[in-house]
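What follows is one structure encoded as C-alpha cells, with my remarks underneath.
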Amino acid sequence: MDASGRVRWGVIGTANIARGQFLPALRQADGVAAAVAGRDPARTQQYARDNEIERAVTGYENLIADPAVDVLYVALPNALHAEWTIRALEAGKPVLCEKPLCGRLSDTESVLAVAEETGTLLWEAFVFPFQPQMQEIRKLLADGAIGDLMEIKSGFHFLLSNPANIRLSTELEGGALLDVGCYPVRIAQELFGTDHEGAWAHAVIGGDGVDVDTWGVLDYAHGRRLMLSCGFGRSYDTFTTLEGPAGQIRITNPFHPGRGDLYQLVTPRADDLTFSAHAEERSFTAAIRHIQAVIKGNEAPRQLAVETSLATARALTNLALSFSRPAGPGPGRS
Ligand SMILES: NC(=O)c1ccc[n+]([C@@H]2O[C@H](COP(=O)([O-])OP(=O)(O)OC[C@H]3O[C@@H](n4cnc5c(N)ncnc54)[C@H](OP(=O)(O)O)[C@@H]3O)[C@@H](O)[C@H]2O)c1
-11 MDASGRVRWG VIGTANIARG QFLPALRQAD GVAAAVAGRD PARTQQYARD
39 NEIERAVTGY ENLIADPAVD VLYVALPNAL HAEWTIRALE AGKPVLCEKP
89 LCGRLSDTES VLAVAEETGT LLWEAFVFPF QPQMQEIRKL LADGAIGDLM
139 EIKSGFHFLL SNPANIRLST ELEGGALLDV GCYPVRIAQE LFGTDHEGAW
189 AHAVIGGDGV DVDTWGVLDY AHGRRLMLSC GFGRSYDTFT TLEGPAGQIR
239 ITNPFHPGRG DLYQLVTPRA DDLTFSAHAE ERSFTAAIRH IQAVIKGNEA
289 PRQLAVETSL ATARALTNLA LSFSRPAGPG PGRS
C-alpha cells in the first residue's frame, strides 16, 4: 500500500474495459492506478498518460514482479487469462481477472488449482453481486415477494461492428456466450445455486467461427430454469425477468446498472412497485472497494473465484457443447 494506506493496482493490458469502466471506478473507490503493462512501450506510455496511471511498464511479467503493486487487474483477451493469472498468483499477487475467468474448462480448473495451492486471492470480474441493486433483489426474493423463483429470462446483447474485435476470434476465445452469455449464466448461479442439471443452446456462427447470436436453456432441479439469449447483433439490452408463482421482478439492467435503470415488482394482488437500481456509483466500484478492504484486512473475502467460477465454467461449457451450428448471417468476418 502507498504511504496513505491506499491499495496500489496494476493493470495488465491496455484494454478498453480498463479505460472505460475499471479505472474510473478505481478512482471512486480511492484506489491507486499505480501502473499499466502492455506489449508495446509507446502505446503503453500513451495509455498511461491518457488514463492518469502513474507508470507504464513494458511486458506483463515485469508488472507482476513489481514490488510497488499490491494487486493486479487482468484485462486481456479470454485466451490469455489463464497464463497471466497463474503467473500472478504464483508470484503471490491477488488478482481480479476479467470474465470469463477462462474460455476453456480445463484452463479454469488449472487456474483454480493454483489459487487453492497458493492461497492467493482471486476474483472473477462479475461485479453485479456486490451492488446494492442485487442485494435488494435478493431480499425481495427471500421475503417471498414472487413466491419460489422458478424461471429467469435473461439476455445480454450489444452491437459489435468492428471485425477485428477480440470477441470475433476463436483463437482469443471470443464468442457471445463467453463474452456476454456468461452474465445470464452467472445470475442463474447466484439465484438458483451452482448445480445445473441440463443445458441446451443453439448458435449462429460468425466472426472466424465463434457464436455471435446464441440462445438456450439451463435446467435446475424441480423444473427451475434459465432461458438465456445473447449476441453481438442488437442494440444494448440486458433486460432480465425473475418469475415466480406470485409475480415477477423485471430488471432493466441487473449486470451494469446506470442512473436510469430500475427494477419493478409486478404482482396480480397489488399495484406494481418500481425501485431505482441505486446505481449512483460506477458498476465496478463496490467490487473494487471490497477487494481493497480484504487486502487491508478489514473484510472477509466474498465471491472468490475458488467458490464461484468452476460452476460458471461448467455451465458455459455444457451450453457450448450443445450448439448445433446452422449457417447464418452474423456480424463481422462470416
Ligand atoms: N466485466 C465487464 O464488464 C467487461 C466488459 C468488457 C470486457 N470485459 C472483458 O475484459 C477483457 C478485455 O476486453 P476488452 O474489450 O477491454 O479488450 P481490448 O480492448 O481488446 O483489450 C485487450 C488488451 O489485451 C492486450 N492483448 C494481448 N494480446 C492480445 C491479442 N493477441 N489481441 C488483442 N489484444 C491483446 C492488448 O493490450 P497490450 O497490447 O497493450 O498488451 C489489448 O489492449 C475480456 O476478457 C472481456 O471479456 C469485461
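Under my numbering, read the sequence shown as residues -11 to 322, first letter to last. For each residue, glycine too, the CB sits at the ideal point set by N, CA and C. Note that the coordinates shown come from a computational prediction; the quantities given were computed from them, not determined experimentally.
Is there contact between the region 270 to 279 and the region 62 to 71, where contact requires at least three CB pairs shorter than 8 Å? Of all C-beta pairs linking the region 270 to 279 to the region 62 to 71, fewer than three are shorter than 8 Å, placing the two stretches out of contact.
So does ALA3 have its beta carbon nearer than 7 Å to some heavy atom of ligand 1? The residue you call residue 3 lines up with position 15 of the sequence shown. Yes, ligand 1 has a heavy atom inside 7 Å of this Cβ.
Since ALA189 contacts PHE311 with CB under 8 Å, what's their CB separation in whole angstroms? As a working note, residue 189 is residue 201 in the sequence shown. As a working note, residue 311 is residue 323 in the sequence shown. So it is a contact: roughly 6 Å between Cβ atoms.
Validate contact between the region 199 to 215 and the region 102 to 122 using beta carbons, cut 8 Å, 3 pairs: Touching, no.
Roughly how many angstroms lie between the CA atoms of THR2 and GLU86, to the nearest whole one? Residue mapping note: residue 2 aligns to position 14 of the sequence shown, counting from 1. Residue mapping note: residue 86 aligns to position 98 of the sequence shown, counting from 1. C-alpha separation (whole angstroms): 13 Å.
8 Å CB neighbourhood of GLY80 in its chain, flanking five on each side removed: Walking along the sequence shown from the start, residue 80 turns up at place 92. So the qualifying residues of the chain are THR106 and THR108.
Report yes or no: do the region 297 to 307 and the region 272 to 287 share at least 3 C-beta pairs separated by less than 8 Å? Note that the region 297 to 307 does not touch the region 272 to 287; fewer than 3 beta-carbon pairs, one per stretch, sit closer than 8 Å.
Helix, strand or coil at VAL20 according to DSSP, with G and I counted as helix: For this step, residue 20 is matched to residue 32 along the sequence shown. Looking at VAL20 - three-state DSSP - the assignment turns out to be strand.
So, with DSSP's three-state summary, where would you put ILE125? For this step, residue 125 is matched to residue 137 along the sequence shown. Three-state result, ILE125: helix.
Among ARG247, VAL198 and PRO172, which one has its Cα closest to the Cα of PHE227? Looking up residue 227 in the sequence shown gives position 239. Taking the Cα of PHE227 as reference, the smallest distance to any Cα among ARG247, VAL198 and PRO172 is reached at PRO172.
Can you tell me which of the three DSSP states GLY211 falls into? Locating residue 211 in the sequence shown gives position 223, counting from the first residue. Helix.
In the DSSP assignment, what residue or residues form a beta bridge with HIS145? Looking up residue 145 in the sequence shown gives position 157. According to DSSP, HIS145 bridges with GLY219 and ASP225.
Can you tell me which of ALA17, LEU51, ALA56 and GLY47 puts its alpha carbon nearest to the alpha carbon of ALA(-9)? Position 3 of the sequence shown, counted from the first residue, corresponds to residue -9. Closest by alpha carbon: ALA56.
Determine whether the beta carbon atoms of VAL(-1) and VAL24 lie at a separation below 8 Å. Looking up residue -1 in the sequence shown gives position 11. Looking up residue 24 in the sequence shown gives position 36. Against a cut-off of 8 Å, the Cβ pair of VAL24 and VAL(-1) comes out as a contact.
Smallest Cα separation from THR158: which of MET138, ALA130, ASP199 and ARG257? By one-based count along the sequence shown, residue 158 stands at place 170. Per the Cα distances, ASP199.
So THR32 and ALA44 are supposed to be a Cβ contact under 8 Å. How far apart are they, rounded? Within the sequence shown, residue 32 is the residue found at index 44, counting from 1. Within the sequence shown, residue 44 is the residue found at index 56, counting from 1. Here THR32 really is in contact with ALA44; their C-beta atoms are around 4 Å apart, less than 8 Å.
With 16 as the cutoff for other CB atoms within 10 Å, does ASP131 come out buried or exposed? For the purposes of this step, residue 131 is identified with residue 143 of the sequence shown, where counting begins at 1. Under this definition ASP131 is an exposed residue.
Measuring only the C-alpha atoms, how far is LEU160 from ILE154? Along the sequence shown, one-based indexing puts residue 160 at 172. Along the sequence shown, one-based indexing puts residue 154 at 166. Computed Cα separation, rounded: 6 Å.
Proximity of CYS90 and VAL99 at Cβ, strictly below 8 Å: Here residue 90 refers to the residue found at position 102 of the sequence shown. Here residue 99 refers to the residue found at position 111 of the sequence shown. Cβ distance < 8 Å, so CYS90 and VAL99 count as in contact.
With respect to the alpha helix (DSSP H) encompassing VAL282, which residues constitute its N-terminal and C-terminal limits? Locating residue 282 in the sequence shown gives position 294, where the first residue counts as 1. 273 to 283 is the extent of the alpha helix (DSSP H) around VAL282.
What are the complete alpha helix (DSSP H) segments, minimum 4 residues, inside the region 3 to 73? If only complete runs of 4 or more residues are kept, the region 3 to 73 shows the alpha helix (DSSP H) at 11 to 16, 29 to 38 and 48 to 52, in order along the chain.
Return the residue from the list VAL62, ASP54, GLU124 and ILE193 that minimises the CA-CA distance to ASN4. Walking along the sequence shown from the start, residue 4 turns up at place 16. Ranking VAL62, ASP54, GLU124 and ILE193 by Cα distance to ASN4 puts VAL62 first.
Tell me the DSSP bridge mates of CYS85? On the sequence shown, residue 85 is found 97 positions in, with the first residue counted as 1. For CYS85, the pairing in a beta bridge is given by DSSP as VAL62 and GLU112.
So for PHE180, helix, strand or coil by DSSP? Residue 180 sits at position 192 when you count from the first residue of the sequence shown. Helix.
Count the other CB atoms within 10 Å of the CB of HIS210; is the residue buried (16 or more) or exposed (fewer)? Within the sequence shown, residue 210 is the residue found at index 222, counting from 1. Label assigned to HIS210: exposed.
Suppose you measure from the CA of ILE239 to the CA of THR229; what does that come to, to the nearest Å? Here residue 239 refers to the residue found at position 251 of the sequence shown. Here residue 229 refers to the residue found at position 241 of the sequence shown. If you take the alpha carbons of ILE239 and THR229, they lie about 6 Å apart.
If you draw a straight line from the alpha carbon of LEU14 to that of ARG290, how long is it in whole angstroms? Within the sequence shown, numbered from 1, the residue matching residue 14 stands at position 26. Within the sequence shown, numbered from 1, the residue matching residue 290 stands at position 302. Their backbone Cα atoms lie some 19 Å apart in a straight line.
Quick one: what does DSSP say ALA(-9) is sitting in, helix, strand or coil? For the purposes of this step, residue -9 is identified with residue 3 of the sequence shown, where counting begins at 1. Shown here, ALA(-9) sits in coil according to DSSP, grouped into three states, outside any helix or strand.
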